[in-house]
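Following: one structure in structure tokens, then a few remarks.
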Amino acid sequence: MIRSNILSLGANNGHTQRTLGFRIMTELMHNALFLSLAAGVLIVLGTTLSGCWLRAKKAALDADLKRDMIERGMSADEICRVIESRSGGGCKDA
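Quick note: the sequence shown uses the numbering used here, first residue 22, plus one each step.
This is the structure:
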């Protein structure tokens, strides 16, 4: 049905093309499969972007903490102990 509408459009003006575009979008919004797929894509994108933003923010906070500790004159061992106690992770011995 959509294809026949597009093919019959021919050389109509821009107003008819906008009307056709509106009709196509209206048909898609009433299609349960399209809405399900669109919702799934938005959920995946949202969770991926929020996870990336969270990791970037955490890395920036860790870098600020380390910079502050270096400016205070703390040694590498002291910084390592603070990071270990904060994150539960450990510093690797060189």
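Idealized CB from N, CA, C, for every residue including glycine.
Whole angstroms are fine: how far does the CA of residue j sit from the CA of residue i?
i	j	result
residue 70	residue 89	29 angstroms
residue 92	residue 85	10 angstroms
residue 80	residue 45	45 angstroms
residue 82	residue 37	54 angstroms
residue 97	residue 87	10 angstroms
residue 74	residue 52	33 angstroms
residue 78	residue 100	20 angstroms
Assuming contact is defined by CB atoms lying nearer than 7 angstroms, are residue i and residue j in contact in what I supplied?
i	j	result
residue 49	residue 43	no
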